[in-house]
Amino acid sequence: MKRILDPLDERIIAELRLNARAAHAELAAKVNLSRNAVRQRIERLERDGAIQGYTVRTGEGAQASSSINAVIFVYRYDRMRGAEVLQALQAMPEVLQCDVMSGEFDLMLRVGAANPERVHKVWKEISALPGVENTVTSFVLSSVV
Numbered sequence: 001m002k003r004i005l006d007p008l009d010e011r012i013i014a015e016l017r018l019n020a021r022a023a024h025a026e027l028a029a030k031v032n033l034s035r036n037a038v039r040q041r042i043e044r045l046e047r048d049g050a051i052q053g054y055t056v057r058t059g060e061g062a063q064a065s066s067s068i069n070a071v072i073f074v075y076r077y078d079r080m081r082g083a084e085v086l087q088a089l090q091a092m093p094e095v096l097q098c099d100v101m102s103g104e105f106d107l108m109l110r111v112g113a114a115n116p117e118r119v120h121k122v123w124k125e126i127s128a129l130p131g132v133e134n135t136v137t138s139f140v141l142s143s144v145v
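Pasting the structure below:
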C-alpha cells in the first residue's frame with residue numbers, strides 16, 4: 001500500500017535533499033518535531049520506498065576521472081509492456097536514473113560508472129535484456145546544472 005506523504009514528510013525529504021547527513025536533532029529543529037519523531041518518520045519513509053537511498057556528489061576537489069556519466073536511450077520492443085526491462089534496470093547499481101519518455105525513445109537512463117569500460121559492460125547488459133530492441137549511448141562531457 002503506497003502511503004501519501006504529508007507536509008511534514010515532504011519537509012523532511014526536502015531537508016534531506018539539502019543535506020542527507022543532517023542529524024535527526026537538526027532535522028527536528030527545522031521541522032518542529034522531536035528527534036525521535038523525525039527518526040521514526042525517516043525509517044517509515046525508507047521502508048515505504050519514499051526514500052530509496054542516499055548518494056554522494058563530489059565537488060571540484062574530487063578527481064574527475066573517478067566517475068564517468070553516460071546517457072543511454074532505450075527502445076523497447078513493446079513500449080506499453082516490458083516491465084521486466086524496468087525491473088532489471090532497477091537492479092543495476094550503475095543506473096542512477098530511469099525516465100519513461102514520450103516521443104522517439106522509450107526510456108532515458110543516466111548511468112554512472114568508474115570508467116568507460118564499466119559503462120560499456122552496463123550497456124552490453126542493457127542491450128542483452130529481453131525486450132530491448134535498440135539503444136543509443138552518449139557520454140556526458142560536462143555538467144552545467
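full-length UniProt numbering puts the first residue of the sequence shown at 1, with every later residue one more than the last. From the three backbone atoms N, C-alpha and C, an ideal C-beta is built for every residue, glycine too. Just so it is clear, the structure is predicted and the values come from calculations on it, not from any experiment.
Closer than 7 Å by C-beta to residue i: which residues in its own chain qualify, once you throw out the five before and the five after it? Chain order, please.
i: residue 24; result: 35, 38 and 39
Tell me the rounded alpha-carbon separation between residue i and residue j.
i: residue 63; j: residue 32; result: The predicted model places residue 63 with a pLDDT of 49, which falls under 50 and marks its position as unreliable; any figure quoted below should be read in that light. Rounded to the nearest angstrom, the two C-alpha atoms are 39 Å apart.
i: residue 4; j: residue 122; result: 34 Å
i: residue 106; j: residue 13; result: 29 Å
i: residue 6; j: residue 130; result: 39 Å
i: residue 120; j: residue 113; result: 10 Å
i: residue 53; j: residue 104; result: 30 Å
i: residue 140; j: residue 110; result: 10 Å
i: residue 91; j: residue 85; result: 10 Å
i: residue 19; j: residue 27; result: 10 Å
Among all the DSSP beta bridges, which residues are the ones paired with residue i?
i: residue 137; result: 72
i: residue 111; result: 70 and 95
i: residue 132; result: 76
Any beta carbon from chain B within less than 7 Å of residue i's own beta carbon?
i: residue 99; result: Of the protein chains in the structure, only one exists, and it is not chain B.
Run through DSSP, which three-state label would residue i get?
i: residue 31; result: helix
i: residue 100; result: strand
i: residue 144; result: coil
i: residue 20; result: coil
i: residue 52; result: coil
i: residue 9; result: helix
i: residue 47; result: helix
i: residue 41; result: helix
i: residue 118; result: helix
i: residue 4; result: coil
Residue i: which of the options sits nearest, CA to CA?
i: residue 56; options: 92, 46, 75 and 16; result: 16
i: residue 71; options: 94, 41 and 19; result: 94
i: residue 49; options: 84, 124, 9 and 18; result: 9
i: residue 88; options: 125, 73 and 44; result: 125
i: residue 101; options: 83, 118 and 73; result: 73
What does a CB cutoff of less than 6 Å around residue i pick up in its chain, not counting 5 residues either side in sequence?
i: residue 116; result: 68
i: residue 127; result: 135
i: residue 99; result: 108
Please return the same chain residues whose Cβ sits closer than 8 Å to the Cβ of residue i, not counting the five positions on each side in sequence.
i: residue 133; result: 75, 76 and 77
i: residue 137; result: 70, 71, 72, 73, 119 and 123
i: residue 41; result: 8, 9, 12 and 33
i: residue 29; result: none
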